[in-house]
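> I'd like to ask you about the structure that follows.
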Amino acid sequence: MKILLSGTASDSHTWNLVYLGLFLEELGHEVTNLGPCVTPELLVASCRRHSPDLVVLSSVNGHGYRDGLAAVERLRAEPATAALPVVIGGKLGVAGCRQEADVTALLRAGCDAVFGDGDLDALREFLAARDRDRVAT
Amino acid sequence: MSTAPPPFGAFVAAGASVGRLVVQPRMGFSDPGAMRDGLTRTKAATATTVGTLTIDSYTRVGDLTAARDAVAEGARLNGYPIATHPRAVTRSLLDAVMDDGFPVQVRHGSSRPEAIIRALTAAGLDATEGGPVSYCLPYGRTPLRESVASWARGCELLADGARPGGVPHLESFGGCLLGQLCPPGLLVAMSVLECVFFARYGLRSVSLSYAQQTDRAQDEEAVRALRRLAGEFLPAGVDHHVVLYTYMGVYPRTEQGATRLLESSARLAVRAGAQRLLVKTTAEALRIPTVEENVRALETAAAAAALAGSPPSPGEGPGAGPGADADSEVYQEARTLVETVLGLHTDPSRALLMAFERGLLDVPFCLHPDNAGRSRSFIDPAGRLRWSRTGSMPIRPDAGADATELTASGLLTALNHVAERYDRAAAPQPVG
Chain A
1 MKILLSGTAS DSHTWNLVYL GLFLEELGHE VTNLGPCVTP ELLVASCRRH SPDLVVLSSV
61 NGHGYRDGLA AVERLRAEPA TAALPVVIGG KLGVAGCRQE ADVTALLRAG CDAVFGDGDL
121 DALREFLAAR DRDRVAT
Chain B
1 MSTAPPPFGA FVAAGASVGR LVVQPRMGFS DPGAMRDGLT RTKAATATTV GTLTIDSYTR
61 VGDLTAARDA VAEGARLNGY PIATHPRAVT RSLLDAVMDD GFPVQVRHGS SRPEAIIRAL
121 TAAGLDATEG GPVSYCLPYG RTPLRESVAS WARGCELLAD GARPGGVPHL ESFGGCLLGQ
181 LCPPGLLVAM SVLECVFFAR YGLRSVSLSY AQQTDRAQDE EAVRALRRLA GEFLPAGVDH
241 HVVLYTYMGV YPRTEQGATR LLESSARLAV RAGAQRLLVK TTAEALRIPT VEENVRALET
301 AAAAAALAGS PPSPGEGPGA GPGADADSEV YQEARTLVET VLGLHTDPSR ALLMAFERGL
361 LDVPFCLHPD NAGRSRSFID PAGRLRWSRT GSMPIRPDAG ADATELTASG LLTALNHVAE
421 RYDRAAAPQP VG
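For the record, the sequence lines run as chains A and B. Residue numbers for the first sequence follow full-length UniProt numbering, so the first one is 1 and each next one is one higher. Residue numbers for the second sequence follow full-length UniProt numbering, so the first one is 1 and each next one is one higher.
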């Protein structure tokens with residue numbers, strides 16, 4: 001798959017993105033790594049330019065729920081990206097544990113999956129399922 | 001403020017002169033009451049402390065609307081929105097705590113710092129942190145040219161905006177860059193270069209930073225190199241000290257491992273002559289720490305430093321102390337980088353831009369478009385951080401560098417190297 005990997009608007013962290021870039025490449029995917037501090041506008045523009053099969057958002061600064069929601073809402077509002085699969089994961093809040101209300105809000109806004117901090121097995125399974133679907137269709 | 005706070009640099013020097021390491025948390029809350037509580041309890045800790053106002057991520061990236069909206073909704077931010085809360089709110093929060101025994105530094109991470117510097121000087125503050133490279137390249141996407149121009153103006157604002165009698169202080173974040181896996185020569189060079197930049201734009205009091213890496217001896221070389229190079233490259237009359245950061249990378253998960261790593265950084269600061277230490281807490285690997293956890297970290301670090309003896313006084317040469325190695329590998333490498341960059345142009349702004357354009361400075365693992373991205377580092381079998389690739393930098397990669405391609409699991413092992421070493425040491429050992 002062609003994967004667009006991105007940080008969120010206010011998140012300056014990079015190691016998560018460097019690591020995920022290598023991880024996704026080793027699973028056989030083609031990765032474009034946008035780096036940190038990606039605004040919803042830049043994310044949409046980058047999707048137009050790269051036409052990915054999937055967007056992976058990663059955030060660890062505690063604003064992940066809020067910034068992730070703005071990002072996915074914007075992607076869903078644009079005709080070109082309205083149907084593009086989007087997943088998000090990381091340390092998404094300041095509390096250090098998964099906030100179910102926020103997860104629900106992200107899913108309702110159009111995220112295809114919300115992964116917990118470091119839950120790479122879940123991400124790997126999600127990607128494998130996507131690949132199977134793509135082969136089947 | 002009951003009494004005017006002393007200049008930040010003078011407070012740290014006074015601590016050093018009586019053999020006390022100044023310790024400082026990283027702490028920021030959006031709610032002014034919580035922020036005041038954090039400062040009050042930092043001040044009351046059994047340690048020589050300075051306070052911290054860490055600014056939230058929205059303010060850091062200049063999205064003041066998002067910061068305002070979040071405050072209006074009552075959402076918790078990851079720091080204090082200094083440019084959003086009314087000036088009177090910030091003043092009254094400081095009024096309760098900042099005095100002649102307790103200076104406060106603003107920490108933020110903005111590549112465009114003017115709004116934050118205006119807000120902090122308006123609130124009566126005059127100590128902050130950052131730099132045109134260290135607050136731009138590693139963590140954002142602002143073009144380096146814009147960050148350099150913005151920081152030049154920011155320095156002038158800070159230098160001119162101080163209260164009468166104040167001596168504004170600016171700390172370079174150059175010794176941290178991506179936090180871990182950057183060989184010390186580049187970290188030391190970046191701190192020196194940014195402080196030269198600050199002095200050029202009017203600052204008379206600066207600090208040079210270094211973040212603890214993987215190897216104790218190499219870290220000592222780095223702090224000593226920083227002290228020596230500061231003396232060699234900063235203009236005469238510019239007050240300066242070295243600030244050490246407790247390990248900035250992946251932190252040990254066990255309480256014992258986390259505590260031991262913190263204590264080791266306090267001892268490193270004392271042995272090598274850093275005069276201020278930014279601490280980390282036992283909660284670091286898990287979440288944003290509470291005030292209690294921060295206070296405990298400050299007291300743990302101060303106790304470890306006190307047991308380690310006295311830091312070398314400012315008058316003592318950087319080579320002083322046991323194991324001193326003035327012409328160390330780190331010193332040589334950092335000096336080569338600093339000389340190369342300053343030799344490019346007499347204006348440090350131009351010199352920094354030219355250096356990155358030509359890849360003469362190249363931060364490993366940094367995704368920023370203005371970074372060449374041709375350098376790579378590794379941890380050698382003895383635990384020392386080394387270069388596997390140096391790109392166009394005027395330094396050589398290590399002869400024994402492992403040429404195999406970096407994998408995700410290899411990177412993860414390197415990122416977790418320190419955390420695992422300390423967690424392992426903390427675990428109960430099997431008998432026999």
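Every residue gets a Cβ at the ideal spot worked out from N, C-alpha and C, and that includes glycine. Just so we're clear, the structure is a prediction, and the values are computed from it rather than from any experiment.
Taking just the CA atoms, how far does Tyr201 (chain B) sit from Leu193 (chain B)?
Going from the Cα of Leu193 (chain B) to the Cα of Tyr201 (chain B) covers about 13 angstroms.
> Could you tell me which uninterrupted alpha helix (DSSP H) segments, each at least 4 residues in length, are contained entirely in the stretch 218-302 of chain B, listed from first to last along the chain?
Listed in chain order, the complete alpha helix (DSSP H) runs (minimum 4 residues) inside the stretch 218-302 of chain B are 255-272.
> How would you list, in chain order, the residues of chain B whose beta-carbon sits under 9 angstroms from the beta-carbon of Ser12 (chain A)?
Under the 9 angstroms cutoff, chain B gives Ser57, Arg60, Val61, Gly109, Pro138, Tyr139 and Gly140.
> For Lys2 (chain A), report the span of its beta strand (DSSP E) as first-last.
Per DSSP, Lys2 (chain A) belongs to the beta strand (DSSP E) from Lys2 to Ser6.
> Please classify Phe102 (chain B): does DSSP put it in a helix, a strand, or coil?
Three-state DSSP puts Phe102 (chain B) in a strand.
> Could you check the C-alpha separation between Thr90 (chain B) and Val97 (chain B) for me, to the nearest Å?
Thr90 (chain B) and Val97 (chain B): Cα-Cα distance of roughly 11 angstroms.
> Along chain A, in chain order, which residues have C-beta atoms closer than 7 angstroms to that of Leu385 (chain B)?
Ordered by position in chain A, no residue passes the 7 angstroms Cβ test against Leu385 (chain B), which lies about 15 angstroms from the chain.
> Can you tell me whether DSSP reads Thr104 (chain A) as helix, strand or coil?
Of the three classes helix, strand and coil, the one that applies to Thr104 (chain A) here is helix, per DSSP.
> Closest to Gly35 (chain A) by C-alpha separation, out of B:Glu339, B:Arg141, B:Pro103 and B:Gln332, would be which residue?
Selected option, being the one with the closest Cα: B:Arg141.
> When you compare the CB positions of Ala351 (chain B) and Val341 (chain B), do they come within less than 8 angstroms of one another, or not?
Taking 8 angstroms as the Cβ cut-off, Ala351 (chain B) and Val341 (chain B) qualify as a contacting pair.
> Count the CB pairs spanning the stretch 119-132 of chain A and the stretch 270-277 of chain B that are closer than 8 angstroms, and state whether there are at least three.
In short, these stretches do not touch, since the Cβ pair count stays below three.
> For a test of the three-state rule: what should DSSP assign to Arg36 (chain B), helix, strand or coil?
DSSP places Arg36 (chain B) in helix when its eight states are reduced to three.
> Work out the CA separation of Phe173 (chain B) and Ala304 (chain B) for me, nearest whole Å.
Those two C-alpha atoms are separated by around 24 angstroms.
> Compute the Euclidean distance between the alpha carbons of Ser191 (chain B) and Thr52 (chain B), then round it to the nearest angstrom.
If I take the Cα positions, the gap works out to 20 angstroms.
> Return no unless some Cβ of chain A is closer than 8 angstroms to the Cβ of His241 (chain B).
No, His241 (chain B) does not count as interfacial toward chain A.
> Between Asn16 (chain A) and chain D, is the shortest Cβ-Cβ distance under 8 angstroms, so that the two count as touching?
Within the model displayed, chain D is absent; protein chains A and B are what it includes.
> Taking any Cβ of chain B, which residues in the stretch 23-45 of chain A have a Cβ under 7 angstroms from it, in chain order?
Flagged, chain order: Phe23, Glu26, Asn33, Gly35, Pro36 and Cys37.
> Does the beta carbon of Ala258 (chain B) sit closer than 8 angstroms to a beta carbon anywhere in chain A?
Cβ-Cβ to chain A under 8 angstroms: no for Ala258 (chain B).
> Exposed or buried, Thr300 (chain B), counting other C-beta atoms within 10 Å across all chains shown (16 or more means buried)?
The residue is buried, with at least 16 neighbouring Cβ atoms inside 10 Å.
> Would you say Gly62 (chain A) reaches chain B, if we count a Cβ-Cβ gap shorter than 8 angstroms as a contact?
True, the Cβ-Cβ gap to chain B drops below 8 angstroms.
> If we ignore side chains and look at the alpha-carbon of each, how far apart do residue 437 (chain B) and Ser46 (chain A) end up?
For chain B, the structure presents residues 1 to 432; residue 437 (chain B) sits outside this window and is missing.
> What whole-angstrom Cβ distance do Tyr210 (chain B) and Val167 (chain B) have, given they're in contact under 8 angstroms?
Contact flag wrong, Cβ pair sits at about 23 angstroms.
> Strictly below 7 angstroms CB to CB, what residues from chain A border Asn78 (chain B)?
Ordered by position in chain A, the residues that pass the 7 angstroms Cβ test against Asn78 (chain B) are Asn61, Gly62, His63 and Val94.
> Consult DSSP for Val86 (chain A) and reduce its assignment to one of helix, strand or coil.
DSSP places Val86 (chain A) in strand when its eight states are reduced to three.
> Of all the residues that make up the stretch 405-422 of chain B, which are near chain A by a beta-carbon distance shorter than 8 angstroms?
Of all residues in the stretch 405-422 of chain B, Leu406, Thr407, Ala408, Leu411, Leu412 and Leu415 have a Cβ within less than 8 angstroms of some Cβ in chain A.
> From this set, B:Asn294, B:Thr336 and B:Gln275, which residue's C-alpha is nearest Ala283 (chain B)'s C-alpha?
Comparing Cα-Cα distances from Ala283 (chain B) to each of B:Asn294, B:Thr336 and B:Gln275, the minimum goes to B:Asn294.
> Could you please tell me which residues of the stretch 64-88 of chain A, in chain order, have their CB closer than 8 angstroms to any CB of chain B?
Listed in sequence order: Arg66.
> Listing by chain order, which chain A residues have their CB less than 9 angstroms from the CB of Leu157 (chain B)?
What Leu157 (chain B) touches in chain A: nothing, since even the nearest Cβ is about 22 angstroms away.
> For Ile288 (chain B), return the contacting residues in chain A, with the cut-off set at a CB-CB distance below 7 angstroms.
Those are Gly62 and Val94, listed as they occur along chain A.
> Excluding the 5 residues preceding and the 5 following Thr48 (chain B) in the sequence, name in chain order all residues of the same chain whose CB lies nearer than 8 angstroms to its CB.
Contacts found: Gly15, Arg20, Leu21, Val22, Val23 and Ala302.
> Please name the residue, chosen from B:Glu221, B:Asp215 and B:Gly130, that lies closest to Tyr331 (chain B) on a Cα-to-Cα basis.
It is B:Glu221.
> Using 8 angstroms as the threshold, is the C-beta distance between Leu367 (chain B) and Leu17 (chain A) below it?
Closer than 8 angstroms, so yes.
> Roughly how many angstroms separate the alpha carbons of Thr128 (chain B) and Glu171 (chain B), rounded to a whole number?
Answer to the nearest angstrom: the Cα atoms are 6 angstroms apart.
> Please report how far the alpha carbon of Leu84 (chain A) lies from the alpha carbon of Ser30 (chain B), in whole angstroms.
Approximately 35 angstroms between the Cα atoms of the pair.
> Check the C-beta distance from Val148 (chain B) over to Leu353 (chain B) and give it rounded, since I have them as a contact under 8 angstroms.
The pair is a contact, with the Cβ atoms about 6 angstroms apart (cut-off 8 angstroms).
> Taking 7 angstroms as the cut-off, is the C-beta of Glu146 (chain B) nearer than that to any heavy atom in the ligand FMN?
Questions concerning the ligand FMN fall outside what the structure shown contains, since it holds no ligand whatsoever.
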